[in-house]
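See below for the structure under consideration.
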Amino acid sequence: MPFGDREDELWGALKPSFKPRLVSDPNIRYARHLVNGTGPFAARSAASSIHASLRGSAKATLARVVRRTPEVLVKVTGRKKGAKHLAAHLDYIGRHGDIPLETRDGEFVATKDDVQQIADEWSDALYWRRGTTVSAVAMVFSMPAGTDPETVKQAVRETAERMIGDNHDYLMALHTDTPRPHVHLTVQAEGLNRTRFDPRREDLFRFREAFAEALRSRGVEAEATPRYTRGQGRAGTSMALTQLRARIRSGASRQPTETDLRQAREAMQIALGKAEQPAFVSKTRERWQDTKQRYEVAAQQLDRSADHEDRKLARDVRQFIQERASIETLPDRMLREAEARVKVAQERTDQDRRPPDRGVPRGTPPPTRRR
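Each residue of the sequence shown is one higher than the last, beginning at 1 in UniProt numbering.
So this is what it looks like as structure tokens:
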């Protein structure tokens with residue numbers, strides 16, 4: 001069922017629109033192509049047909065979102081500088097020889113000498129550059145627990161062939177030692193045509209879309225949408241911060257991270273009325289309200305359809321909106337915890353200021369309180 005003029009508004013709520021950010025000379029040409037629609041962003045008939053097909057799948061994307069289809073995870077875990085740094089990373093994802101590394105051509109690399117040779121080859125082309133230069137970019141592709149690991153690896157290979165091609169060499173390693181099956185993909189930074197592999201935010205989203213599409217073609221339900229599309233306001237954390245927090249939870253470290261301390265201090269200042277929440281918190285709420293309005297318009301369009309599945313999808317959309325009446329960001333959660341601490345401290349202060357009970361004999365020690 002087509003949405004008519006409202007389809008563009010629905011698609012704008014389901015998929016993000018990226019704005020070019022001009023930062024420095026290495027990216028100025030990329031940004032200029034993006035703004036002017038030239039180079040790799042030039043309009044082509046094939047690209048327009050693909051874009052039209054994506055617009056036609058707005059209803060299918062909406063159905064996957066409101067029915068809580070698992071979201072794919074694609075992130076850059078690091079950039080390896082030099083042969084020594086790269087060899088250590090390859091040794092880590094290969095679990096010191098226990099997990100074979102799969103090349104772009106489907107061959108397996110298991111010995112430490114072969115790994116070191118690849119690290120040297122990927123770094124030799126950078127000897128003429130001044131300073132330390134990135135030799136490879138490390139990425140990870142992950143799916144929730146219960147997904148077939150072999151299917152995940154095949155989907156990652158298809159994604160790499162589609163998004164990277166033959167210009168950059170890469171290595172893959174499938175890990176099943178955690179509940180979430182994931183694949184480490186290490187891509188050579190220097191391409192055959194001297195172009196650098198340096199994925200940005202919009203590039204990572206394209207990787208997510210290609211990964212989800214490859215999984216769906218293999219019978220695995222997956223989707224790639226922004227957080228605000230699903231009513232989630234908490235951003236992800238870096239790999240280093242995640243590892244530090246895991247060490248604290250396991251008892252290996254008792255020192256809280258600087259990020260957690262800073263967030264707790266800022267939340268306490270807001271709870272005491274000495275500061276205000278960041279501007280992005282209010283913008284996140286406004287964007288979620290706009291997204292809900294677009295979902296409601298889509299539900300009204302689906303209600304008028306003669307297809308029973310469309311009317312069922314309209315009920316699912318309204319239930320999804322009802323369950324997510326508000327959106328909670330990380331500052332919101334920290335503020336809620338800080339307000340609870342302030343309330344407990346205020347209750348203790350009020351209790352200490354109460355006059356003594358006349359029925360209690362003088363000299364009776366006060367009851368002990370646990371801190």
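Backbone N, C-alpha and C fix where the C-beta goes; we use that ideal spot for every residue, glycine too.
Alpha-carbon to alpha-carbon, residue j and residue i
i, j, result
"residue 225", "residue 319", "19 Å"
"residue 231", "residue 326", "8 Å"
"residue 92", "residue 175", "11 Å"
"residue 155", "residue 299", "33 Å"
"residue 172", "residue 94", "9 Å"
"residue 194", "residue 181", "33 Å"
"residue 289", "residue 338", "26 Å"
"residue 147", "residue 220", "8 Å"
"residue 163", "residue 66", "28 Å"
"residue 304", "residue 186", "49 Å"
"residue 249", "residue 353", "38 Å"
"residue 150", "residue 277", "45 Å"
"residue 184", "residue 133", "21 Å"
"residue 138", "residue 97", "18 Å"
"residue 215", "residue 269", "46 Å"
"residue 329", "residue 116", "44 Å"
"residue 201", "residue 161", "20 Å"
"residue 324", "residue 309", "23 Å"
"residue 198", "residue 307", "46 Å"
"residue 340", "residue 229", "30 Å"
"residue 140", "residue 75", "6 Å"
"residue 206", "residue 119", "27 Å"
"residue 275", "residue 350", "24 Å"
"residue 315", "residue 321", "10 Å"
"residue 317", "residue 196", "42 Å"
"residue 281", "residue 73", "24 Å"
"residue 8", "residue 203", "22 Å"
"residue 152", "residue 217", "12 Å"
"residue 78", "residue 285", "32 Å"
For residue i: DSSP bridge partner residues
i, result
"residue 173", "184"
"residue 147", "Residue 147 is not bridged to any residue."
"residue 223", "71"
"residue 140", "75 and 184"
"residue 9", "DSSP lists no partner for residue 9."
"residue 196", "190"
Neighbour-count burial assignment, residue i, 16 or more Cβ in a 10 Å radius
i, result
"residue 169", "buried"
"residue 344", "exposed"
"residue 110", "exposed"
"residue 283", "exposed"
"residue 17", "exposed"
"residue 192", "exposed"
"residue 189", "buried"
"residue 136", "buried"
"residue 142", "buried"
"residue 331", "buried"
"residue 208", "buried"
"residue 372", "In the structure as shown, the chain begins at 1 and stops at 371. Residue 372 is therefore absent and cannot be evaluated."
"residue 223", "buried"
"residue 347", "exposed"
"residue 212", "buried"
"residue 312", "exposed"
"residue 59", "buried"
"residue 145", "exposed"
"residue 71", "buried"
"residue 61", "buried"
"residue 246", "exposed"
"residue 69", "buried"
"residue 302", "buried"
"residue 159", "buried"
"residue 279", "exposed"
"residue 271", "buried"
"residue 210", "buried"
"residue 335", "buried"
*Decide if the region 7-15 is in contact with the region 282-299; the criterion is three or more beta carbon pairs, one per stretch, under 8 Å apart.*
yes
*In chain order, each alpha helix (DSSP H) run of at least 4 residues that lies wholly inside the region 54-138*: For the region 54-138, whole alpha helix (DSSP H) runs of length 4 or above, ordered along the chain, are 58-66, 82-93 and 112-124.
*Is the region 80-87 touching the region 116-126, taking contact as three or more C-beta pairs under 8 Å?*
A contact exists between the region 80-87 and the region 116-126.
*Looking at C-beta atoms only, is the number of pairs between the region 97-107 and the region 246-255 that lie closer than 8 Å three or more?*
No: the two stretches stay apart, fewer than three of their Cβ pairs being nearer than 8 Å.
*What residue ranges within the region 270-356 form continuous beta strand (DSSP E) runs of no fewer than 3 residues, ordered along the chain?*
The qualifying runs do not exist here; there are none.
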